[in-house]
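Visitor:
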Amino acid sequence: MDMHTVVVGTSGTTADDVVAVARHGARVELSTAAVDALAASRLIVDALAAKPEPVYGVSTGFGALASRHISTELRAQLQRNIVRSHAAGMGPRVEREVVRALMFLRLKTVASGHTGVRPEVAQTMADVLNGGITPVVHEYGSLGCSGDLAPLSHCALTLMGEGEAEGPDGTVRPAGELLAAHGISPVELREKEGLALLNGTDGMLGMLVMALADLRNLYTSADITAALSLEALLGTEKVLAPELHAIRPHPGQGVSADNMLRVLAGSGLTGHHQDDAPRVQDAYSVRCAPQVNGAGRDTLDYAAVVAGRELASSVDNPVVLPDGRVESNGNFHGAPVAYVLDFLAIVAADLGSICERRTDRLLDKHRSHGLPPFLADDAGVDSGLMIAQYTQAALVSEMKRLAVPASADSIPSSAMQEDHVSMGWSAARKLRTAVDNLTRIVAVELYAATRAVELRAAEGLVPAPASQAAVAALRAAGAEGPGPDRFLAPDLAAADAFVREGRLVAAVEPVTGPLA
């Protein structure tokens, strides 16, 4: 566990905080202001609970059963029952980092003081995170409205000492045993608390935040691989000139063009497009890389704005307002988050598509401007990277299917009370797969482009210093260079890890300076 500590206040949680807790095991502490806000909002809920008038979530049933007034002696059972009944997920377990993000973001909302949860419940949530206890949460169960109900219910079940969870050693055990082993007492839920632990967009938001972090790395990596491919294809860097991009001022386009230009600085390979087989222009997949990569970057920026707004939100129903009112609302609807999750799947698919087109061009002797067929050592005896491109093409095809928006769907639930839902959890789950696939696609282009650059260097042409740095680092990481056919999967796996871990960007930045 990382000793870094994230302090949760009534507001101010950042995307970096989410990644630190979810991925890097940062500890969590509640600020004094958060504890005070929790106590103040609880006083309001307790006062309402003592009144004879029914208040949704405090003294009524839920969803389509909200018309029933619940007597005082049954309210603790009501809160336990909503957690138990809503913990109805099925399918494979979701990843540890997703569950930690889910719990942390629910704690963030609870700490805002708008949910009416007692301070001791919030502290138990922090203790479970700090103990490395990860509830077992399943793939299926959330419609993204009223938030991520089933996933959050499995987390709340762990707080009650019920269900199953994974310990810090990776072993799944009964949650009660894990709590006891860490000296954590199970919570006994009171009015509104069960509902407050379930009613948020925390799963889809956590996955959005982590996808954004991954995609930032991938877009910079794709700028580098596009530059390497341009170089290996003896293309022209003149299309990257700042003045050309200034007259179409999409911010991301200018950033990508600048990244590519810096990678290509000092190249002896570019500008040969008028040599043996003159070309007036490079192919679209080469020439338009900044436009495609840049449009994706702009989409990331918009998605980050939405994520920031959601991080600043207190998503619950009902909510406790500063003036003492407890009001029902529809803020749990996941549409804002669901839309951008789908937008990101679309741009990721298109980025994968243009990467694959450049890879195919590098391997085709009719379009590669003098490179050997499939970059093979002895074409015919050797197949070179022929099937690496097949693998990349299969991934691209899958990316296109994953780009179909989940948020365009809706299915009624809760006896038509919840008659329009966001499907945001589904959008987030498919985006995670898309990001994984995109990483592999970029890695295949990197592997092909570096091999092609090395083949050009063997002919006496001098690659850019940044290209040389990328080649050297990739080879040191275990992805071998040109030569006779060999077992290729380990090389591709090494390239995948190299891109995934941000090592491609790190390899070139000492030469280029920081890339955006």
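For the sequence shown, the residue numbers in the numbering used here are -6 to 509.
Glycine residues also receive a C-beta, built at the ideal position from the N, C-alpha and C atoms.
Since R99 and L190 are thought to touch, with beta carbons under 8 Å apart, how far apart are those beta carbons, to the nearest angstrom?
Guide: On the sequence shown, position 106 is the one that residue 99 refers to. On the sequence shown, position 197 is the one that residue 190 refers to. The Cβ separation is near 6 Å, so the contact holds.
Visitor: Pull up the CB-CB distance for S78 and V256, whole angstroms please, since I reckon it's below 8 Å.
Guide: Counting from 1 along the sequence shown, the entry for residue 78 is found at position 85. Counting from 1 along the sequence shown, the entry for residue 256 is found at position 263. So it is not a contact: roughly 55 Å between Cβ atoms.
Visitor: Could you tell me whether the segment 283 to 300 touches the segment 336 to 355, where touching means 3 or more Cβ pairs closer than 8 Å?
Guide: Yes, they touch.
Visitor: How about I75 and V121: are their beta carbons less than 9 Å apart?
Guide: To locate residue 75, count along the sequence shown from 1; it is residue 82. To locate residue 121, count along the sequence shown from 1; it is residue 128. Result no, Cβ atoms of I75 and V121 do not sit closer than 9 Å.
Visitor: Give the secondary structure of T7 by DSSP, where H, G and I count as helix, E and B as strand, and everything else as coil.
Guide: As a first step, residue 7 must be located in the sequence shown, where it is residue number 14. Coil, per DSSP.
Visitor: Would you kindly work out how many angstroms separate the C-alpha atoms of L221 and L439, rounded to a whole number?
Guide: By 1-based counting over the sequence shown, the position of residue 221 is 228. By 1-based counting over the sequence shown, the position of residue 439 is 446. Approximately 8 Å, taken between the alpha carbons.
Visitor: Quick check on DSSP: helix, strand or coil for H362?
Guide: As a working note, residue 362 is residue 369 in the sequence shown. Coil, per DSSP.
Visitor: When the distance is taken between beta carbons, is R493 closer than 9 Å to N192?
Guide: Counting from one through the sequence shown, the residue named residue 192 turns up at place 199. Counting from one through the sequence shown, the residue named residue 493 turns up at place 500. No, these two residues do not count as a Cβ contact at 9 Å.
Visitor: Nearest to T443 by CA position, among E452, L467, T102 and S260, is which residue?
Guide: Here residue 443 refers to the residue found at position 450 of the sequence shown. It is L467 whose Cα lies nearest to the Cα of T443.
Visitor: Rounded to a whole number of angstroms, what is the C-alpha to C-alpha distance between A13 and R280?
Guide: Counting from 1 along the sequence shown, the entry for residue 13 is found at position 20. Counting from 1 along the sequence shown, the entry for residue 280 is found at position 287. Distance between the alpha carbons of A13 and R280 is about 38 Å.
Visitor: For M83, which residues does DSSP report across the bridge?
Guide: Within the sequence shown, the letter at position 90 stands for residue 83. Note: M83 sits in a beta bridge opposite Y133.
Visitor: Rounded to whole angstroms, what is the Cα-Cα separation between P167 and G187?
Guide: Mapped onto the sequence shown, residue 167 falls at position 174. Mapped onto the sequence shown, residue 187 falls at position 194. Roughly 20 Å between the two C-alpha positions.
Visitor: Quick one: using the 10 Å Cβ neighbour count with 16 as the cut-off for buried, is D(-5) buried or exposed?
Guide: On the sequence shown, position 2 is the one that residue -5 refers to. A caution first: D(-5) carries a pLDDT of 49, below 50, which makes its placement in the model unreliable, though a value can still be read off. Its Cβ having fewer than 16 others within 10 Å, D(-5) is exposed.
Visitor: Does the beta-carbon distance from M481 to L378 come in below 9 Å?
Guide: Taking the sequence shown and counting its residues from 1, the one referred to as residue 481 is at position 488. Taking the sequence shown and counting its residues from 1, the one referred to as residue 378 is at position 385. Before going further, note that residue 481 is Leu rather than Met in the sequence given. In contact: L481 and L378 (Cβ atoms closer than 9 Å).
Visitor: Flag this pair as touching only if the segment 411 to 423 and the segment 367 to 376 have three or more C-beta atom pairs under 8 Å; answer yes or no.
Guide: The segment 411 to 423, when compared against the segment 367 to 376, does not touch it at the 8 Å Cβ threshold.
Visitor: Take A250 and list the residues in its own chain whose beta-carbon comes closer than 6 Å to its own, dropping the five residues that flank it on each side.
Guide: By 1-based counting over the sequence shown, the position of residue 250 is 257. Closer than 6 Å at Cβ, skipping near neighbours: L233, H238 and P283.
Visitor: V165 by DSSP, collapsed to three states: which one?
Guide: Numbered from 1 along the sequence shown, position 172 holds the residue referred to as residue 165. Three-state DSSP puts V165 in a strand.
Visitor: Can you list the alpha helix (DSSP H) stretches of 4 or more residues lying completely in the segment 412 to 481, in chain order?
Guide: Segments of the alpha helix (DSSP H) lying fully in the segment 412 to 481: 417 to 451 and 458 to 469.
Visitor: Identify which residue in Y212, V428 and T65 has its Cα closest to the Cα of V48.
Guide: The residue you call residue 48 lines up with position 55 of the sequence shown. Residue T65 is the option with its Cα nearest to V48.
Visitor: Whole angstroms are fine: how far does the CA of A219 sit from the CA of A33?
Guide: Along the sequence shown, one-based indexing puts residue 33 at 40. Along the sequence shown, one-based indexing puts residue 219 at 226. Each residue's Cα considered, the two are about 55 Å apart.
Visitor: Let me know the alpha helix (DSSP H) ranges lying completely inside the segment 294 to 337, each 4 residues or longer, listed in chain order.
Guide: Listed in chain order, nothing qualifies, since the segment 294 to 337 has no complete alpha helix (DSSP H) run of 4 or more residues.
Visitor: Would you list the one or two residues that DSSP bridges to V21?
Guide: The residue labelled residue 21 in the question sits at position 28 within the sequence shown. Bridge partners of V21: V(-1).
Visitor: Touching or not, the segment 325 to 336 and the segment 351 to 365, by the rule of three or more beta carbon pairs under 8 Å?
Guide: The segment 325 to 336 vs the segment 351 to 365: no contact.
Visitor: Where does H62 sit, in a helix, a strand or coil, going by DSSP?
Guide: Along the sequence shown, one-based indexing puts residue 62 at 69. Residue state, collapsed to three classes: strand.
Visitor: Would you mind working out which of F491, P477 and A59 sits nearest A215, comparing C-alpha positions?
Guide: Reading the sequence shown from its first residue, position 222 is the one you call residue 215. Nearest C-alpha to A215: F491.
Visitor: Restricting to Cα atoms, I'd like to know which of S139, E88, G163 and G154 is closest to G125.
Guide: The count along the sequence shown starts at 1 and reaches residue 125 at position 132. Cα-wise, what sits closest to G125 is G163.
Visitor: With which residues is S406 paired in a DSSP beta bridge?
Guide: As a first step, residue 406 must be located in the sequence shown, where it is residue number 413. Beta-bridge pairing links S406 to E411.
Visitor: Please report how far the alpha carbon of L95 lies from the alpha carbon of L454, in whole angstroms.
Guide: Translated into positions along the sequence shown, residue 95 becomes position 102. Translated into positions along the sequence shown, residue 454 becomes position 461. Computed Cα separation, rounded: 52 Å.
Visitor: For Y277, does the count of other Cβ atoms within 10 angstroms reach 16, so buried, or fall short, so exposed?
Guide: Reading the sequence shown from its first residue, position 284 is the one you call residue 277. Answer is exposed; the Cβ neighbour count stays below 16.
Visitor: Tell me the residue span of the beta strand (DSSP E) that contains A158.
Guide: Translated into positions along the sequence shown, residue 158 becomes position 165. E157 to E159 is the extent of the beta strand (DSSP E) around A158.
Visitor: Taking 9 Å as the threshold (C-beta atoms), are V51 and V437 in contact?
Guide: Counted from its first residue, the sequence shown places residue 437 at position 444. Counted from its first residue, the sequence shown places residue 51 at position 58. It is not a contact, given that the beta carbons lie outside the stated cut-off.
Visitor: Alpha carbon to alpha carbon, what distance is there between H147 and M83?
Guide: Here residue 83 refers to the residue found at position 90 of the sequence shown. Here residue 147 refers to the residue found at position 154 of the sequence shown. If I take the Cα positions, the gap works out to 11 Å.
Visitor: Under the assumption that L388 contacts R433 (Cβ atoms under 8 Å), give the Cβ distance between them as a whole number of angstroms.
Guide: Counted from its first residue, the sequence shown places residue 388 at position 395. Counted from its first residue, the sequence shown places residue 433 at position 440. Between R433 and L388 the Cβ distance is about 6 Å, and since that is below 8 Å, they are a contact.
Visitor: Within the same chain, show all residues whose beta-carbon is closer than 6 Å to that of S419, passing over the 5 residues directly before and after it, in chain order.
Guide: On the sequence shown, residue 419 is found 426 positions in, with the first residue counted as 1. Hits under 6 Å: A399.
Visitor: Threshold first: 4 residues or longer. Then list the alpha helix (DSSP H) segments lying entirely within the segment 262 to 289, N to C.
Guide: Here the runs fully enclosed are 277 to 280.
Visitor: Measure the C-alpha to C-alpha separation of L424 and P244 and round it to an integer number of angstroms.
Guide: Residue mapping note: residue 424 aligns to position 431 of the sequence shown, counting from 1. Residue mapping note: residue 244 aligns to position 251 of the sequence shown, counting from 1. If you take the alpha carbons of L424 and P244, they lie about 24 Å apart.
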